[in-house]
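Be aware that the sequence shown starts at 684, since it is given in this note's numbering, and climbs by one per residue.
In this text, a Cβ means the ideal position worked out from N, Cα and C, and glycines have one as well.
Before any comments, here is the structure.
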Amino acid sequence: GLVTSTGSGLAVPDWPLSYGQFFPPMVGGIFFEHGHRLVAATVGVLTTILAIWLILREERRAIRMTGIAALGAVILQGVLGGLTVLYLLPTPISVAHACLGQIFFCIMVTLALVTSPFWRRPVEVTEGTESSLPLPFVAALTTGVIFLQLVLGALMRHTGAGLAIPDFPIVGGRLPDLSTREAVIHFTHRLGALAVSGVVLATFLRVRREGTRFPEISRTAGGMLLLLTLQVLLGIFTVLSRKSVAITTAHVATGALLLATSLLLTLLSFRRFPIAREEKAIRSLWEKLGRFAPSGRPETNAEGDVAHQRYATGRQQG
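Given below as structure tokens:
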């Protein structure tokens, strides 16, 4: 976040070394760019250790594979970062680098949850309410919409469109001029913010209706709504402050936290609200998530059979 916000992406023009050194003088933009590389290298080492540990010690195959995916993502992220510098910040590679960072963050959040003692505890499942869209599916849809908005945000940052519409909510009492590509990208990002606000609010209200007896779900949904409010305010002040470094960086970081919180809500919802067998469109996703659960617990075993039977029986009796 700070590298792009401070315009330091090319402060170090070579890669993998920095001016041919491992530790160049940390002055000006070099501090941000080389500091970013040092943090990335540390994350890469830690991810490698984590992946090896999961391969050797973790009994659940899905989690082992997720650890391997995390390692692959961090390696690819490093390569994209290097290409971004060597090819002088091309927009496609820069956007891909930013988006892969979000994906890697989501993978790590997933691993943190499914390897936690909380996830291993026995869990009560419930049928939920009659609805065309079960809560887990609603939460997953919300996560997808937030990710698409972050893609738009990355595109806006790396095309220099952050101030293409320099006022909020309108410009001089009129609608913005959309005659340039940058203005269209910026305006689309604003429309995306409306879409995200709508789906997050709808998901929060849905949780209020059927997930309040599960504290981890209600708290996560509440946190997601608070993060959304903060994110919208930061987006507004990013424009009004003419892209203040601190505010812009906070806006990027809060977007990542909002995505991670929505992902947590999705995983927790799939754990509490198993999907009925007849809902074939999302049954496979539930079964894959079931593989994250330790063996030996009927409510969350690999195939989710008992949970599905309980759900189906409840619906038939209802």
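Item: Inter-residue CB distance, Gln760 and Leu729 (contact presumed, cutoff 8 Å); Value: Not confirmed; about 13 Å, so no contact.
Item: Buried/exposed call for Gln914, threshold 16 Cβ in 10 Å; Value: buried
Item: Range covered by the alpha helix (DSSP H) that runs through Pro699; Value: Unbroken run through Pro699: none, as it is neither H nor E.
Item: Within 9 Å, strictly: CB atoms of His869 and Ile853; Value: no
Item: Range of the contiguous alpha helix (DSSP H) that encloses Thr798; Value: Note, Thr798: premise wrong, no alpha helix (DSSP H); not H, not E.
Item: As assigned by DSSP and simplified to three states, the class of Cys782; Value: helix
Item: First and last residue of the uninterrupted alpha helix (DSSP H) at Ile848; Value: No alpha helix (DSSP H) holds Ile848; DSSP gives it neither H nor E.
Item: Candidates Leu874, Asp850 and Arg902: closest to Val922 by CA position; Value: Asp850
Item: Chain-order list of residues whose beta-carbon lies under 8 Å from that of Ser880 (same chain, five-residue window excluded); Value: Leu911 and Val915
Item: Cβ of Glu742 within 9 Å of any chain B Cβ; Value: Absent here is chain B; the protein component of the structure consists of one chain.
Item: Rounded straight-line distance, which links the Cα of Arg902 to that of Pro805; Value: 19 Å
Item: DSSP-derived helix/strand/coil call for Val896; Value: Note on identity: in this sequence residue 896 is Arg, with Val being the wrong assignment. Coil at Arg896, not helix or strand.
Item: Cβ pair count under 8 Å reaching 3, the region 707-716 against the region 939-955; Value: no
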